[in-house]
Amino acid sequence: MARSSLRQAHWGVLSQGLNAGTNFLLSFLVARSQPAAEFGRFALVLVLLILAVALVRETGNTVLTIAHSGDRDGLCRGGRQSTGYAAGVGTLAAACCLVAAVPVTGAMRAVLVVLAVVFPFVLLQDALRGVSVAAGRPRSAAGLDALWAGVQIGLTAVVMAVSTQPPMWTFVAAWGAGAVVSALAGLRRRRLVPARALPHRWLLRHRALTVPLLGAYALNTLPPQIVMLAMPLVSDFTETGVLRAAYLLFGPIATLFASVYALAMVDAVRAGTPAATVRVAGFVSAALGGIGALWCVLAVLLPSSAGRLLMGSTWELTGSTRLLLGISLVAEGVVYGAMTAMGALRRPGRMVRARLVAAPVLLVLALAGGALAGAEGAAAGLLSGHALCAALAWAQVPGAARQADRDDAAGVAAGTDEPAGRAGPLPER
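Under the numbering used here, the first residue of the sequence shown carries the number -16, and numbering increases by one thereafter.
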């Protein structure tokens, strides 16, 4: 029997933390070495890069897990195709960077040129992490991220030793070199050659998954960001700052949730029957909801001295906002379980239905709450939206399971279907 991916969750969390840490280190180094305006330009480029990674992760890695993690041979083929897709998207992004560099002057031109060189490797490295997770080997993904971080830290130390004021592009080059080394090491370790095909072929081949997964992702991530951007319009900058400051405490748990979700999807796909898949998803909801509740308690009861050390005088203003956001974190954890079920059952469209109802409600209630009661009102609206989404999402799960049961029965009757979950992890070679 394949080893449960959830029992290796610590490797998934480490991998996600190291991966996010490379971006954080790059942002920190640029922020402390550049004027505010220059860092603002760089931050915009970094946001676009992070969005590109998120796009490939959702339409590439998640699709690979759902479609192929239960089939050893299919995972080998799918791994070649998903890494080829990532490299193709990275090449297109690199071309965009070169075009954008033409009219740009100053330090950002060199940054864009460096990004053009490393962009394909950044997305390829993330795709290789996805192959490792889909194969039930998050430890391998953590190894790739540790290699990236190690190379970045080593080269950054050299850069800072050589110059007291290194140009911005050198920090980006050190970061990108880590991605290049990690990607090449991942290809060699798996003896994997990415498929050479235009990116749209992967999207078309898996459009039944990519379209709803991308829709659900957008409906999940965009509404809270819109609330944050619109808060100064419905309230003021002080309340916006309070809401943003309270949010900062819950960033680490978001990393944990994403890691557990990626690993749980593997177990859910391999569970064998729709009923077993739903049990895995129920465990995910209970576990993440419980972790969210524990973190909520810690965030609310954190001593004021520690809070002021983190946020300064803003800490005193975040009390009830922290509580409301903490409770909404519990609801988000429950949602991840439903996402696991509907993804593994290949019914992501049902998740979109839940999001389509909950997202507008969240937006309206959060912005109305912000207008009436500032950060506390906005947090209450966010809580209401996430709680509604959790209820709607889990209401969709029984129907998804019944539909999967009918499809399995039809496949067995036709002699074309095989029980899911019999394939073990893809072996390291």
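We put the beta carbon where it would ideally sit given N, CA and C, even for glycine.
Here the structure is a predicted model, which means the values were calculated and not measured.
Please state whether the Cβ-Cβ distance between residue i and residue j is less than 8 Å.
i	j	result
Gln135	Leu31	no
Thr204	Val267	no
Leu312	Phe233	yes
Arg190	Gly67	no
Val252	Ala199	no
Tyr230	Tyr319	no
Val340	Leu306	no
Val217	Thr297	no
Leu281	Phe240	no
Trp377	Ala314	no
His51	Ala117	yes
Cys279	Gly255	no
Val210	Ala373	no
Ser242	Val39	no
Arg329	Ile49	yes
Ala132	Gly161	yes
Thr238	Ala3	yes
Arg188	Met91	no
In terms of alpha-carbon separation, which member of the options lies closest to residue i?
i	options	result
Val163	Ala356, Ala70 and Val(-4)	Ala70
Val142	Val101, Ala132, Arg120 and Val155	Val155
Ala276	Met248, Thr301, Ile236 and Gly133	Ile236
Asn6	Ser(-2), Ile33 and Val(-4)	Ile33
Phe22	Arg333, Ile209 and Pro150	Pro150
Gln386	Gly309, Ser165, Pro257 and Gly357	Pro257
Leu175	Ser16, Arg60 and Leu181	Arg60
Ala157	Leu12, Ala26 and Trp377	Leu12
Gly368	Gly53, Gly352 and Ala132	Gly352
Leu371	Leu345, Gly161, Ala289 and Ala361	Leu345
Ser16	Pro286, Thr139 and Gln(-1)	Thr139
Leu81	Asp54, Val28, Ala269 and Leu1	Val28
Arg55	Gly119, Pro18, Ala384 and Met248	Gly119
Leu355	Ala90, Met214 and Arg333	Met214
Arg413	Arg173, Ala3 and Ala383	Since the first and last residues shown for the chain are -16 and 412, residue 413 lies out of range.
Arg63	Gly295, Ile274, Arg171 and Gly357	Arg171
Arg227	Gly357, Gly273 and Ala269	Gly357
Val317	Ala269, Pro86 and Arg291	Ala269
Are there 16 or more other CB atoms within 10 angstroms of the CB of residue i, so buried, or fewer, so exposed?
i	result
Glu222	buried
Phe220	exposed
Ala392	exposed
Glu299	exposed
Pro402	With a pLDDT of 44 at Pro402, under the threshold of 50, the modelled position of that residue is not reliable, and the figure given next carries that caveat. With fewer than 16 Cβ atoms within 10 Å of its Cβ, Pro402 is classed as exposed.
Gln379	buried
Asp250	buried
Leu246	buried
Ser287	exposed
Arg405	Confidence at Arg405 is low in this model, with a pLDDT of 39, below 50, so the placement of that residue should be treated as unreliable; the coordinate-derived value is given next. So Arg405 counts as exposed.
Ser(-2)	buried
Leu58	buried
Val145	exposed
Arg173	buried
Val261	buried
Pro177	buried
Gly295	exposed
Whose C-beta lies closer than 6 Å to the C-beta of residue i among residues of the same chain, with five residues either side of it excluded?
i	result
Leu202	Arg338 and Ala342
Leu365	Ser311 and Ala349
Trp152	Ala93, Val94 and Val97
Trp(-6)	Pro121, Arg122 and Ala125
Gly73	Phe102, Pro103 and Leu106
Ala166	Phe104, Leu107 and Gln108
Skipping 5 residues on each side, what residues in its chain have a beta carbon closer than 8 Å to that of residue i?
i	result
Val36	Val105, Leu106 and Asp109
Ala168	Leu127 and Leu130
Val100	Ala77 and Gly159
Ser65	Gly43, Asn44, Val46, Leu47, Ala110, Gly113, Val114 and Trp185
Leu181	Gly71
Leu375	Arg336, Ala337, Val340 and Ala341
What did DSSP end up calling residue i once you bin it into helix, strand or coil?
i	result
Gly53	coil
Ala254	coil
Ala118	coil
Pro18	coil
Gln148	coil
Val46	helix
Pro207	helix
Ala199	helix
Arg174	coil
His189	coil
Ser296	helix
Take residue i and list the residues in its own chain whose beta-carbon comes closer than 7 Å to its own, dropping the five residues that flank it on each side.
i	result
Pro207	Leu365
Ala83	Leu95
Pro331	Leu192, Pro195, Leu196, Ala199 and Met325
Ser303	Glu359
Ala363	Leu307 and Gly352
Gly0	Thr238
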